[in-house]
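A quick write-up on the structure given underneath.
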Amino acid sequence: MLQTMKLIILTLLLGAPLAAQDVETGFLDRTVTVDGASHRYQVYVPRDYDPDVTWPVILFLHGAGERGDDGIIQTEVGLGRALRRWPERYPAIVVLPQAPTETRWQGGIADVAMAALDQTVGDYRTDPARIYLTGLSMGGNGSWYLGYHHVDRFAAVAPICGFVSTLGRFDGGFSDAADPHAEVASHLAETPIWIFHGESDTVVSVEESRKMQAALQAVDAPVRYTELPGTGHNSWDAAYASPGFAEWLFEQRKR
Numbered sequence: 030m031l032q033t034m035k036l037i038i039l040t041l042l043l044g045a046p047l048a049a050q051d052v053e054t055g056f057l058d059r060t061v062t063v064d065g066a067s068h069r070y071q072v073y074v075p076r077d078y079d080p081d082v083t084w085p086v087i088l089f090l091h092g093a094g095e096r097g098d099d100g101i102i103q104t105e106v107g108l109g110r111a112l113r114r115w116p117e118r119y120p121a122i123v124v125l126p127q128a129p130t131e132t133r134w135q136g137g138i139a140d141v142a143m144a145a146l147d148q149t150v151g152d153y154r155t156d157p158a159r160i161y162l163t164g165l166s167m168g169g170n171g172s173w174y175l176g177y178h179h180v181d182r183f184a185a186v187a188p189i190c191g192f193v194s195t196l197g198r199f200d201g202g203f204s205d206a207a208d209p210h211a212e213v214a215s216h217l218a219e220t221p222i223w224i225f226h227g228e229s230d231t232v233v234s235v236e237e238s239r240k241m242q243a244a245l246q247a248v249d250a251p252v253r254y255t256e257l258p259g260t261g262h263n264s265w266d267a268a269y270a271s272p273g274f275a276e277w278l279f280e281q282r283k284r
């Protein structure tokens with residue numbers, strides 16, 4: 030009898046830590062298969078992740094410099110860097126897909142990003158009303174693209190130094206529109222948007238973000254616009270380091 034009681038107590042003492050270890054946290058390697066092809070991506074799980082609580086989700090799209098197939102480099106720039114520096118500001122599950130070299134976040138690669146998002150939503154306890162989209166440079170372009178094509182999914186979109194009508198045209202939706210900025214804005218009229226761009230950006234003209242701000246204002250969209258004086262292309266570090274941005278993001282909920 031005594032031995033049985035000792036065994037029960039020992040099981041109770043060891044059971045809780047073992048259960049807690051079942052959930053990995055931090056940056057985790059993942060793969061998703063789309064049309065028979067396997068794609069690497071990363072998922073960031075907060076250290077204090079609790080499966081009994083519903084968590085917001087952020088889909089982050091990297092820029093052209095992080096393209097490849099290693100499944101890692103996209104975590105080293107932009108939001109991934111901010112997660113390491115200020116994890117307390119981003120209490121969310123973050124999906125970080127990677128676009129292959131010579132591709133953009135459009136067409137089939139955009140489908141891969143959404144598949145990684147869907148797989149993550151299925152793997153963790155998440156809140157469908159708090160799914161957010163953000164990206165930088167080429168990923169800012171992808172944020173406009175995915176926001177346009179999946180307007181029903183995202184509670185807020187935050188394109189950083191993104192573009193719509195330059196450096197290539199959009200596939201399947203509004204590339205032939207007389208005014209592509211107005212076309213995008215017409216779909217995102219009810220989606221909270223925060224645009225960031227460096228005033229001195231020589232890679233992607235700040236005019237791209239100015240035109241999107243004007244188009245969104247024309248349809249009374251809930252848009253915020255931050256233009257960083259004297260800042261070049263790297264406006265993402267300031268954007269993701271901003272406590273105000275993180276607070277705003279998590280305040281947004283899908284209606």
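In case it helps, our numbering puts the sequence shown at residues 30 to 284. Ideal Cβ placement from N, Cα and C applies to all residues, glycine included.
Which same chain residues end up closer than 7 Å to Phe183 when comparing Cβ atoms and leaving out the 5 residues on each side of it in sequence?
Looking up residue 183 in the sequence shown gives position 154. Excluding sequence neighbours, Phe183 sits near Ile160, Tyr161, Leu162, Gly176 and Thr220.
Any heavy atom of the ligand COA closer than 7 Å to the CB of Tyr153?
As presented, the structure is devoid of all ligands, the ligand COA included, so that no description of it is given.
What first and last residue would you give for the beta strand (DSSP E) that runs through Val252?
For the purposes of this step, residue 252 is identified with residue 223 of the sequence shown, where counting begins at 1. Its beta strand (DSSP E) spans residues Val252 to Leu257.
Go to Phe89, then tell me how far its beta strand (DSSP E) extends in each direction, as first and last residue.
As a first step, residue 89 must be located in the sequence shown, where it is residue number 60. Start and end: Trp84 to Leu90.
Once you ignore the five residues that flank Gly261 on each side, which residues in its own chain have a CB closer than 6 Å to its CB?
As a working note, residue 261 is residue 232 in the sequence shown. Exclusion of the five residues before and after Gly261 leaves Gly227, Ser229 and Asp230 as the residues of its chain whose Cβ lies within less than 6 Å of its Cβ.
Could you have a look at Gly191 and say whether DSSP puts it in helix, strand or coil?
Counting from 1 along the sequence shown, the entry for residue 191 is found at position 162. Coil at Gly191, not helix or strand.
So the candidates are Val74, Ala247 and Asn263; which of them puts its Cα closest to the Cα of Tyr153?
The count along the sequence shown starts at 1 and reaches residue 153 at position 124. Answer by Cα proximity: Val74.
Who are the Cβ neighbours of Glu256 in its own chain at under 6 Å, not counting the five residues just before and after it?
In the sequence shown, residue 256 corresponds to position 227, counting from 1. Cβ neighbours of Glu256 beyond the five flanking positions: His226 and Glu228.
Quick check: what's the CA-CA separation for Asp98 versus Asp249?
Along the sequence shown, read from residue 1 onward, the residue named residue 98 stands at position 69. Along the sequence shown, read from residue 1 onward, the residue named residue 249 stands at position 220. Going from the Cα of Asp98 to the Cα of Asp249 covers about 40 Å.
Closest to Met143 by CA distance: which of Asp77, Leu90 and Ser238 is it?
Taking the sequence shown and counting its residues from 1, the one referred to as residue 143 is at position 114. The shortest C-alpha separation from Met143 is found at Leu90.
Alpha carbon to alpha carbon, how far is Asn263 from Ile224? Give it in angstroms, no decimals.
Sequence index remark: in the sequence shown, residue 224 carries index 195 (1-based). Sequence index remark: in the sequence shown, residue 263 carries index 234 (1-based). Cα to Cα, the separation comes out at about 14 Å.
Look up Thr155 in the DSSP assignment and say whether it is helix, strand or coil.
Here the question's residue 155 lines up with position 126 in the sequence shown. DSSP places Thr155 in strand when its eight states are reduced to three.
Are three or more beta carbon pairs between the stretch 233-247 and the stretch 68-84 nearer than 8 Å?
Contact between the stretch 233-247 and the stretch 68-84 is absent, because fewer than three Cβ pairs lie under 8 Å.
Assuming Tyr70 and Gln127 are in contact, meaning their beta carbons sit under 8 Å apart, how far apart are those beta carbons, in whole angstroms?
Counted from its first residue, the sequence shown places residue 70 at position 41. Counted from its first residue, the sequence shown places residue 127 at position 98. The pair is a contact, with the Cβ atoms about 6 Å apart (cut-off 8 Å).
From the DSSP output, which residues share a beta bridge with Arg59?
By 1-based counting over the sequence shown, the position of residue 59 is 30. DSSP output for Arg59 lists Tyr70 as bridge partner(s).
Are the beta-carbon atoms of Val86 and Val150 separated by less than 8 Å?
Taking the first residue of the sequence shown as 1, we reach residue 86 at position 57. Taking the first residue of the sequence shown as 1, we reach residue 150 at position 121. It is a contact, given that the beta carbons lie within the stated cut-off.
Taking all protein chains shown into account, decide if Ala48 is buried (16 or more other Cβ within 10 angstroms of its Cβ) or exposed.
If you number the sequence shown from 1, residue 48 lands on position 19. In this predicted model, Ala48 has a pLDDT of only 42, less than 50, meaning its place in the structure is not dependable; the value taken from the coordinates is given anyway. Exposed: under 16 other Cβ atoms inside 10 Å.
Could you tell me which residues DSSP pairs with Leu125 in its beta bridges?
Locating residue 125 in the sequence shown gives position 96, counting from the first residue. For Leu125, which the question treats as bridged, DSSP gives the partners Gln71.
Quick one: what's got a C-beta closer than 8 Å to Gln281's C-beta in the same chain, skipping five residues either side?
Stepping through the sequence shown from its first residue, residue 281 is reached at position 252. Cβ within range, chain order: Arg159, Tyr161, Ala184, Ala185 and Pro221.
Determine the DSSP secondary structure at Phe183, reduced to helix, strand or coil.
By one-based count along the sequence shown, residue 183 stands at place 154. Correct three-state label for Phe183: coil.
Taking the straight line between their C-alpha atoms, what separation do you get for Ala244 and Glu53?
Along the sequence shown, one-based indexing puts residue 244 at 215. Along the sequence shown, one-based indexing puts residue 53 at 24. Their Cα atoms are separated by approximately 43 Å.
Near Ala93, what residues of its chain come up, given a Cβ to Cβ distance below 7 Å and the 5 sequence neighbours on each side ignored?
Along the sequence shown, one-based indexing puts residue 93 at 64. Taken in chain order, the residues that qualify are Ser166 and Met167.
List the DSSP bridge partners of Ile222.
Residue 222 sits at position 193 when you count from the first residue of the sequence shown. The bridge partners DSSP lists for Ile222 are Val186 and Val252.
Indicate whether Leu108 and Val124 have their beta-carbon atoms separated by less than 8 Å.
The residue labelled residue 108 in the question sits at position 79 within the sequence shown. The residue labelled residue 124 in the question sits at position 95 within the sequence shown. Between Leu108 and Val124, the gap from beta carbon to beta carbon reaches 8 Å or more.
Going by the DSSP bridge assignment, what does Ile160 pair with across the sheet?
In the sequence shown, counting from the first residue as 1, residue 160 sits at position 131. The partner list for Ile160 (beta bridge, DSSP) reads Val86.
Among all the DSSP beta bridges, which residues are the ones paired with Gly227?
Within the sequence shown, numbered from 1, the residue matching residue 227 stands at position 198. Residue pairing from DSSP places Gly227 in a beta bridge opposite Leu257.
When burial is assigned at 16 or more other CB atoms within 10 Å of the CB, is Pro258 buried or exposed?
One-based indexing of the sequence shown puts residue 258 at position 229. Counting Cβ neighbours within 10 Å, Pro258 comes out exposed, since fewer than 16 surround it.
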